[in-house]
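Structure first, then comments.
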DNA sequence: TTGATTGATATTGTATACAATACTCACCTG
DNA sequence: CAGGTGAGTATTGTATACAATATCAATCAA
């Protein structure tokens with residue numbers, strides 16, 4: 212697993228840097244579901260002591276981004292039921308974010324959203340799936356940040372990231388990527404035109420499709 | 212600031228016990244807004260080392276329940292804007308919880324909800340405000356747990372608890388307590404009768420009133 | 001008196017040491 | 001050969017030691 216390429220500096224708290232590093236790795240799929248995260252190994256690799264690593268892992272776990280096993284933390288492998296629970300929360304939070312985005316987003320922000328979309332399109336057929344997954348993660352970050360309630364943004368990011376194990380499965384298929392890009396395009400246009408209803412509709416269609424895919428996911432995991 | 216009466220045992224992880232202990236203290240208002248939480252003092256009082264205390268405080272802070280200052284953590288004193296942001300999230304999550312509660316709550320759960328309401332009523336005129344605040348906190352815990360999506364419950368609890376500094380201000384006034392109990396009564400009845408629309412309506416009225424009170428809060432804090 | 005300076009202190013951030021626990025796997029026994 | 005048993009090991013949980021930094025107070029100069 213290639214990962215954690217970021218540099219550790221002394222000026223910022225180590226635990227915060229490590230937290231961001233690992234969270235980025237989770238977003239971009241650099242870590243495989245089921246993989247274990249061991250304090251000493253990470254500490255060694257990053258050239259720090261166990262303490263800040265430990266605290267970062269702890270926070271990630273309490274954010275629901277890592278699972279606790281009898282011995283340490285690992286990448287979560289959620290049941291479909293758990294994924295559905297997360298999806299339900301996304302259904303509550305994200306429509307409101309889009310509504311507010313339509314009202315509040317500056318033209319500058321919209322521009323960067325469109326740019327993120329282009330980036331995503333660029334990699335839709337990339338041989339290296341991680342390219343697309345990274346662009347996809349970035350698009351979602353930009354999208355959720357369009358709302359001026361920072362807490363709401365942070366909360367939505369969390370549940371969005373908790374999806375990752377399922378999302379990566381979906382984005383490995385071309386169909387999944389097309390769904391993502393198509394939906395994102397609709398949402399972008401709606402926000403650009405300041406049409407909240409259209410944005411919300413596109414999002415809900417996306418989430419409905421995602422929920423359908425959950426069935427196939429269950430079967431594929433069961434096999 | 213009487214607090215942290217709970218007993219620390221060895222069988223469970225210390226940091227988890229400490230987390231719960233402090234979080235309970237926050238819920239019941241045993242800690243005053245602006246009060247500092249110092250690692251060594253807490254560790255000494257609880258008879259443990261700094262490490263687990265440190266980790267518990269860290270998690271509380273990342274949950275948004277404690278504020279970071281230049282030196283350690285303190286009870287947050289939110290601006291009205293920050294409180295409004297939290298209120299917005301509650302408006303998104305809690306109606307859905309009530310809807311699901313109307314469908315999913317067992318008669319046993321409803322019974323315990325009614326009991327929690329009675330407890331709250333009992334202390335509405337108590338000289339010791341903390342009695343009422345404790346009962347109020349308990350009622351809300353029971354209410355939010357009626358929904359069968361544990362993640363949603365946990366998330367809602369978090370934003371509910373992040374309200375505490377404002378809520379305690381409101382519940383010190385008899386008017387605030389009457390509002391709380393009156394609303395809770397309506398919600399209870401609606402859930403008992405399995406009427407989601409009525410439950411949501413009562414909740415929304417409550418939250419509207421709370422938002423109005425925010426104005427007065429701003430003035431009282433400014434003075 | 002007021003403001004700056006500096007030394008002491010309080011407190012956190014990180015590293016390390018030690019204790020406890022859960023897992024692994026080889027070995028033994030039936 | 002199956003299954004249990006125990007020693008060894010990997011890994012976390014907690015305590016403590018040390019380093020860095022921000023705060024506070026006292027002192028002194030203007």
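Residue numbers (the working numbering), protein chains in the order written: chain B, 212 to 434; chain H, 212 to 434.
Here a beta-carbon is modelled for each residue, glycine too, at the ideal position from N, C-alpha and C.
Fair warning: this is a prediction, and the values are worked out from it, not measured in the lab.
Across the structure, residue 289 of chain B and residue 376 of chain B are spaced so that their CA atoms are roughly 8 angstroms apart. When secondary structure is reduced to three states using DSSP, residue 382 of chain H falls in the helix class.
Taking the CA atoms as reference points, residue 311 of chain H sits about 37 angstroms from residue 331 of chain B. Counting only runs of 3 or more residues that sit fully inside the region 213 to 246 of chain H, no beta strand (DSSP E) segment turns up. Judged by DSSP in its simplified three-state form, residue 268 of chain B adopts helix. Contacts between residue 300 of chain H and chain B, judged by CB atoms closer than 7 angstroms, involve 362, 363 and 366 in chain order. Measuring C-alpha to C-alpha distances from residue 329 of chain H to each of H:295, H:417 and H:395 identifies H:395 as the nearest.
Spanning the alpha carbons of residue 220 of chain H and residue 259 of chain H requires a straight line of approximately 11 angstroms.
Residue pairing for residue 279 of chain H: DSSP places it in a beta bridge opposite H:284.
Of the candidates B:405, B:229 and B:224, the residue whose Cα lies closest to the Cα of residue 318 of chain B is B:405.
In the same chain as residue 296 of chain B, and ignoring 5 residues on each side of it, no C-beta atom comes closer than 6 angstroms to its own. If you compare the alpha carbons of H:313, H:225 and H:350 with that of residue 267 of chain H, the shortest gap goes to H:225. Neighbourhood of residue 269 of chain H in chain B, by CB distance below 9 angstroms: 226, 266, 269 and 270, in chain order. In the DSSP assignment, residue 248 of chain B is bridged to B:284. In this structure, residue 301 of chain H sits away from residue 390 of chain H, with a CB-CB distance that is not shorter than 8 angstroms. Under the DSSP assignment, residue 318 of chain H falls in the alpha helix (DSSP H) whose first and last residues are 318 to 333. At a cut-off of 8 angstroms between C-beta atoms, residue 310 of chain H does not count as an interface residue with respect to chain B.
With a cutoff of 8 angstroms on beta-carbon distance, residue 307 of chain B and residue 357 of chain B are scored as not near each other. The way I'd put it, the region 416 to 430 of chain B doesn't touch the region 343 to 356 of chain B; fewer than three beta-carbon pairs between them come closer than 8 angstroms. A direct Cα-Cα distance of roughly 11 angstroms separates residue 422 of chain H from residue 429 of chain H. Considering only H:275, H:242, H:230 and H:368, the residue with the shortest C-alpha distance to residue 262 of chain H is H:230. Contacts between residue 297 of chain B and chain H, judged by CB atoms closer than 8 angstroms, involve 362 in chain order. For the options H:365, H:382, H:287 and H:326, the alpha carbon positioned closest to that of residue 244 of chain H is the one of H:287. For residue 294 of chain H and residue 238 of chain B, the gap between their C-alpha atoms comes out near 30 angstroms. Secondary structure of residue 290 of chain H (DSSP, three-state): coil. Residue range 340 to 355 is occupied by the alpha helix (DSSP H) that includes residue 345 of chain B. For residue 393 of chain H, the secondary structure class from DSSP, reduced to helix, strand or coil, is helix. With its beta carbon at least 8 angstroms from every one in chain B, residue 414 of chain H lies outside the interface. Residues of chain B whose Cβ lies closer than 7 angstroms to the Cβ of residue 307 of chain H are, in chain order, 303. Any Cβ of chain H closer than 8 angstroms to the Cβ of residue 341 of chain B would place that residue at the interface, and such an atom is absent.
For residue 371 of chain B, the enclosing alpha helix (DSSP H) covers residues 361 to 372. By the neighbour-count criterion, in which 16 or more other beta carbons inside 10 Å mark a residue as buried, residue 236 of chain B falls on the buried side.
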